[in-house]
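Protein chains in written order, with my numbering: chain A, 2 to 266; chain B, 6 to 211.
Ideal placement from N, C-alpha and C gives every residue a C-beta, glycine not left out.
Written out as structure tokens, the structure reads:
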């Protein structure tokens with residue numbers, strides 16, 4: 002049976018791992034290749050790098066990180082952050098990424114997603130959606146909007162409709178981040194995640210808000226997510242991937258338990 | 006030397022690195038002479054079936070593939086490289102495949118037998134049940150997890166060719182084995198230790 006995936010995410014800036022708390026107060030915390038190997042040994046199902054390098058001249062540092070990681074870690078790797086052109090995608094895939102995650106560029110030019118999926122195949126095109134709950138002037142819940150620029154810029158797009166459109170344009174997967182929950186550690190946005198997951202027929206990765214192992218369980222059950230992405234709970238060693246898998250298995254979520262199979266014997 | 010056929014369809018670096026990590030020499034190449042000289046041949050591939058066939062044609066790689074099969078070199082097909090070995094695919098219209106193995110490539114079901122909807126692509130870690138112990142699966146047991154990402158599956162014309170099966174809506178042939186050909190829908194190069202074992206076994210296959 003297909004298992005639910007646990008995906009640790011590393012925020013990478015200038016080739017080094019950082020973790021933003023709601024995208025500010027970044028703290029330097031290590032070598033991405035080293036951290037990736039630890040997650041690999043613990044049985045992570047995939048890895049995700051989010052490149053938050055700001056300066057243009059340092060943009061290529063991520064390529065080096067991807068090359069070095071792909072030499073040592075044999076599981077799927079998604080890279081996101083600042084991807085704007087077909088050439089950006091080609092270079093990342095060539096460096097060893099398996100998937101790329103496109104966010105702002107998709108909002109600015111949806112045709113880019115179509116072109117990327119046609120060129121490289123849907124299986125490697127992830128569309129990242131940053132969503133926030135909207136409320137009417139009376140304060141009633143009014144669906145979810147798509148935001149860019151770390152949640153600061155409203156696009157006017159409805160998150161559910163946008164997810165469906167991106168699927169039609171060839172996205173192979175949706176990486177859904179709740180900007181209300183990101184950095185809070187008080188759980189994933191379950192109704193948002195379930196709404197998106199039910200609206201599309203491609204896999205949905207839930208992101209934003211993981212603070213406990215029960216939060217992972219909620220996103221994969223109530224939230225109907227196919228995978229969960231988390232950064233700080235793994236990065237700061239609050240929990241290991243093993244502990245997360247054990248907890249989920251005990252609660253009836255199908256997960257891949259770590260297998261001991263050494264090929265180099 | 007293992008030749009990994011490069012026809013501009015996807016990331017081949019991880020296949021090469023996977024072989025290197027387990028001690029096999031592998032090159033990524035579209036040079037016909039190099040492929041002809043290789044002891045083992047790998048046909049990887051991601052993307053669309055029709056594009057892949059077009060690229061194989063354009064780079065003159067179809068004859069070297071037939072030759073490797075004729076010479077009975079150990080041959081590994083991965084993902085689309087598995088599907089291409091069959092007669093035809095229904096992906097975006099009907100496309101002719103290499104026709105090395107009898108069978109067809111069909112779309113994955115979007116609902117299971119209970120009527121529950123299934124996410125497509127079939128993406129992530131799923132188990133294999135071993136129907137025949139092909140040499141590349143030495144030391145691997147039924148229930149091992151491997152990584153999949155695909156929207157189409159192979160229906161071999163001869164059931165006895167099926168090497169492993171995997172459940173996703175239906176039970177499908179997640180790998181086949183015939184003679185010196187082993188081909189899998191899953192990605193050994195993305196399947197951590199289990200996958201590296203398969204690559205190691207394949208390189209040791211004589």
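- Note on the stretch 49-104 of chain B: whole alpha helix (DSSP H) runs with a minimum of 4 residues are 54-63, 67-75, 85-88, in chain order.
- Remark: C-beta atoms of residue 83 (chain A) and residue 52 (chain A) approach each other more closely than 8 Å.
- Residue range 214-221 is occupied by the alpha helix (DSSP H) that includes residue 217 (chain A), with no beta strand (DSSP E) assigned at that position.
- With contacts defined as CB atoms closer than 8 Å, residue 186 (chain B) and residue 90 (chain B) qualify as a contacting pair.
- Contact with chain A is absent for residue 182 (chain B), since none of that chain's Cβ atoms lies less than 8 Å from the residue's Cβ.
- Interface criterion not met: the Cβ of residue 138 (chain A) is under 8 Å from no Cβ in chain B.
- In this structure, the CA atom of residue 12 (chain A) is about 37 Å from the CA atom of residue 97 (chain B).
- Neighbours of residue 29 (chain B) across chain A, judged by C-beta separation under 7 Å, do not exist; the nearest C-beta is about 11 Å away.
- For residue 47 (chain B), the closest Cβ of chain A is not nearer than 8 Å.
- Separation of the CB atoms of residue 56 (chain B) and residue 6 (chain B) is rounded to 28 Å, and the pair is thereby denied contact status at 8 Å.
- A distance below 6 Å between beta-carbons, with the five flanking residues on each side excluded, links residue 205 (chain B) to the following residues of its chain, in chain order: 27.
- Among the residues facing chain A, residue 69 (chain B) is not included, as its CB has no counterpart in that chain under 8 Å away.
- Counting only runs that start and end inside the stretch 78-143 of chain A, the alpha helix (DSSP H) elements of at least 4 residues fall at 87-96, 105-109, 111-121.
- Here the C-alpha atom of residue 63 (chain A) lies approximately 44 Å from the C-alpha atom of residue 107 (chain B).
- For residue 203 (chain A), the chain B residues whose Cβ falls inside 9 Å of its Cβ are 124, 125, 126, 128, in order along the chain.
- If you look at residue 128 (chain B), you'll find it in the beta strand (DSSP E) that goes 127-135.
- Shown here, residue 29 (chain B) sits in coil according to DSSP, grouped into three states, outside any helix or strand.
- Residue 229 (chain A) is not a Cβ neighbour of residue 200 (chain A), given a cutoff of 8 Å.
- Annotation for residue 202 (chain B): the continuous alpha helix (DSSP H) segment containing it runs 197-209.
- Restricting attention to B:87, B:59, B:162, the CA atom closest to the CA of residue 179 (chain B) is found in B:87.
- Look at residue 36 (chain B) here: in three-state DSSP terms it is coil, with no helix or strand label.
- Looking at A:242, A:252, A:39, the one whose alpha-carbon comes closest to that of residue 218 (chain A) is A:252.
- Of the residues assessed, residue 190 (chain B) falls on the buried side of the cut-off, its CB having 16 or more other CB atoms within 10 angstroms.
- Ranked by how close their Cα comes to the Cα of residue 35 (chain A), the residues A:204, A:66, A:147 have A:66 in first place.
- About 5 Å separates the beta carbon of residue 16 (chain B) from that of residue 94 (chain A), a gap short enough to meet the 8 Å contact definition.
- Following the DSSP letters along the chain, one finds residue 179 (chain B) inside the beta strand (DSSP E) bounded by residues 175-183.
- Beyond the five residues adjoining it in sequence on each side, residue 120 (chain A) comes within less than 7 Å, by CB distance, of 87 in the same chain, given in chain order.
- Annotation for residue 199 (chain A): no beta strand (DSSP E) segment contains it, though the alpha helix (DSSP H) segment containing it runs 191-200.
- Between residue 169 (chain B) and residue 203 (chain B), the CB-CB gap reaches or exceeds 8 Å.
- By the neighbour-count criterion, in which a residue is buried when 16 or more other Cβ atoms sit within 10 angstroms of its Cβ, residue 21 (chain B) is buried.
- Looking at the DSSP output, residue 207 (chain A) bridges to A:177, A:229.
- Here residue 133 (chain B) is not near residue 156 (chain B), since their CB atoms are 8 Å or more apart.
- In this structure, the CA atom of residue 31 (chain A) is about 6 Å from the CA atom of residue 17 (chain A).
- Judged by their CB atoms, residue 131 (chain B) and residue 76 (chain A) are not nearer to each other than the 8 Å cut-off.
- Listed by position along chain A, the residues whose Cβ is nearer than 7 Å to that of residue 172 (chain B) are 2.
- The shortest CA-to-CA distance from residue 36 (chain B) to any of B:29, B:147, B:64, B:48 is the one to B:64.
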